[in-house]
Amino acid sequence: MKPAIFFAALVLAGPAFGQPELTSKLRARVEQEMQAQSIVGLSMAVARDGNLVASESFGFQDREQAIPASQRTMYRWASVSKPLTAVVTMQLVNEGRLDPDADVRTLVPEFPQKPWAITSRQLLCHQGGIVHYTNGKVVRTQREYDSPNPFKDVILALDTFKESPLVCEPGTKYSYTTHGYILLGAVAERAAKRPFAELIQSRISTPCGMTTLRPDYQWEEIPNRAVGYRKNAAGEVVPSTNTDVSWKLAGGGFISTADDMARFGIGLVSGKLLDDSTRQQMWTRQRTRDGEATDYGLGFRIASLNGARLIEHSGAQEKAATHLMLLPDQCIVVAVLCNTEGTRLGALTRDLITIASDAASDPK
């Protein structure tokens, strides 16, 4: 489909909540980005003071079947899954069930001994030295499995990387890694003595009223799951592949609607999920052993917007690009999810949260 035809066919779906002027400004900015990046389908949700104030969808959930995106469309969270894991981990720390500074092998001896001990705190802030995708040699454990979907087991999922050498001594360097969060998910499961997916359900989904968040298991039929798209070598937007993400559940394997991602954000800024002291700890830039500051806290990236504290995390993988952004001091949340891989959502999400912030401070 040529871009001009796609833009002419752009579909807005789903009701808006809140002020018409706010919704109009948000919609105009999204439409601009849809055209600029040839995005096939996108949903966004904005919350303020614990309530959704805007919720809109654009384009297509399935372009070939002409199914419009809606607030029921399910998008992959990609790396926005990492904050879910971080929250559950810190809840367990607060309950005294997990020591963040203990060697992770205390709870997960299946992870091979390395030259240095690795702690959960180091995994939370990407200072554990665990390899990512392309910054070092990834060594998979060669073995046969009894189950057709073995990596649903977070311990077996460690086989995808656990034999890999570390890329640096833990604590000496910030080195972003999805594999590190896979290990952190195994630590949380062992500490809680409950399957990791159930921890997310009981500790985050239920208290936040999130009814759609679930693992994106490709072997399961998930209603309203978005078809993914990518650009080919010729620059054409074509359907993407249905890759298995079960092996990286804790680092990038969840799926939900945009509204439910926003509800997760509400749970964060409202204090429903974590007390203020823990949030401040997680939303503080972590330092390496030699005192060098990073822009990452414990599960979240730390930034600012017009002098205000801004907390965020982005995600990118096959079939999806995502961004969750919070202005905790104003209790504002923006969630943006799309089904077109390679899309850069940072500038759009920042503009949307700026629009929401300006509307909140407008005396009219």
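If you use our numbering, the sequence shown corresponds to residues -7 to 356, in order.
Even glycine gets a Cβ: it sits at the ideal position worked out from N, Cα and C.
These numbers were taken from a predicted model, which means no experiment stands behind them.
Straight-line CA distance for Ala189 to Thr77? 10 Å
Please name the residue in Met66, Phe153, Arg206 and Arg342 whose C-alpha comes closest to that of Gly220. Comparing Cα-Cα distances from Gly220 to each of Met66, Phe153, Arg206 and Arg342, the minimum goes to Met66.
On a CA-only basis, which of Val237, Leu297 and Val131 is nearest Val159? Give me that one, please. Selected option, being the one with the closest Cα: Val131.
Beta-carbon proximity check, Ala300 vs Met36, cutoff 8 Å: no
Suppose you measure from the CA of Glu333 to the CA of Gln193; what does that come to, to the nearest Å? 27 Å
Neighbour-count burial assignment, Ile345, 16 or more Cβ in a 10 Å radius: buried
In terms of alpha-carbon separation, which member of Leu44, Leu319 and Gly177 lies closest to Asp350? Leu319
Between which two residues does the beta strand (DSSP E) harbouring Val229 extend? Val229 to Pro231
DSSP three-state call for Ser35: helix, strand or coil? strand
For the alpha helix (DSSP H) containing Ser156, name the first residue and the last one. Per DSSP, Ser156 belongs to no alpha helix (DSSP H) and is neither H nor E.
Segment contact, 8 Å Cβ cut-off, at least three pairs: the stretch 278 to 288 with the stretch 52 to 65: No: the two stretches stay apart, fewer than three of their Cβ pairs being nearer than 8 Å.
Cutoff 6 Å; reference Arg217; Cβ partners in own chain excluding five residues on either side: Met66
According to DSSP, which residues form a beta bridge with Cys330? Leu34 and Ala313
Secondary structure of Asp54, DSSP reduced to three states: strand
Find the nearest neighbour of Glu155 within the set Tyr166, Gly172, Gln119 and Ser139, judged by alpha-carbon distance. Gly172
Roughly how far, in whole angstroms, is the beta-carbon of Arg40 from the beta-carbon of Ala352, given that I think they are within contact range, below 8 Å? 6 Å
To which residues does DSSP link Val325 through a beta bridge? Ala39 and Leu318
Between Arg195 and the rest of its own chain, which residues show a CB-CB distance below 7 Å, the 5 nearest in sequence each way excluded? Val80 and Gln83
If you compare alpha carbons, which of Arg271, Val38, Ala70 and Met317 is closest to Leu297? Met317
Going residue by residue through the stretch 82 to 139, where are the continuous beta strand (DSSP E) segments of at least 3 residues, counting only ones entirely within it? none
DSSP three-state assignment for Arg206, whether helix, strand or coil: Residue state, collapsed to three classes: strand.
Is Val261 helix, strand or coil by DSSP? helix
Helix or strand or just coil, what does DSSP make of Arg64? Residue state for Arg64 is assigned as coil, using DSSP reduced to three classes.
Rounded to whole angstroms, what's the CA-CA distance from Ser232 to Asn331? Just pull it up for me. 9 Å
Taking the beta strand (DSSP E) that Arg222 falls in, what are its first and last residues? Tyr221 to Lys223
How far does the alpha helix (DSSP H) with Leu357 in it extend, from its first residue to its last? This structure does not reach residue 357, given that the chain is present from -7 up to 356, and the question cannot be answered.
Going straight from the alpha carbon of Ala312 to that of Ile110, what length do you get? 31 Å
Buried or exposed (CB count within 10 angstroms, at least 16 for buried), Ser269: Result: exposed.
Going by the CB atoms, is the gap between Leu176 and Leu116 shorter than 8 Å? yes
Rounded to whole angstroms, what is the Cα-Cα separation between Trp69 and Trp211? Each residue's Cα considered, the two are about 18 Å apart.
Can you tell which of Tyr288, Arg222, Ala308 and Asp354 has the C-alpha that lies nearest to the C-alpha of Ile247? Ala308
Quick test of your reading: Ser71 and His305, contact by CB under 8 Å. State the CB separation rounded to the nearest angstrom. 7 Å
Work out the CA separation of Val38 and Asp377 for me, nearest whole Å. The structure shown has nothing for residue 377, since the chain only spans -7 to 356.
Tyr288 and Tyr166 closer than 8 Å at C-beta: yes
In its own chain, which residues sit with a C-beta less than 7 Å from the C-beta of Thr341, not counting the 5 before and 5 after it? His315, Met317, Val326 and Val328
Proximity to Asp252 [Cα-Cα], best of Gln29, Thr203 and Glu228: Selected option, being the one with the closest Cα: Thr203.
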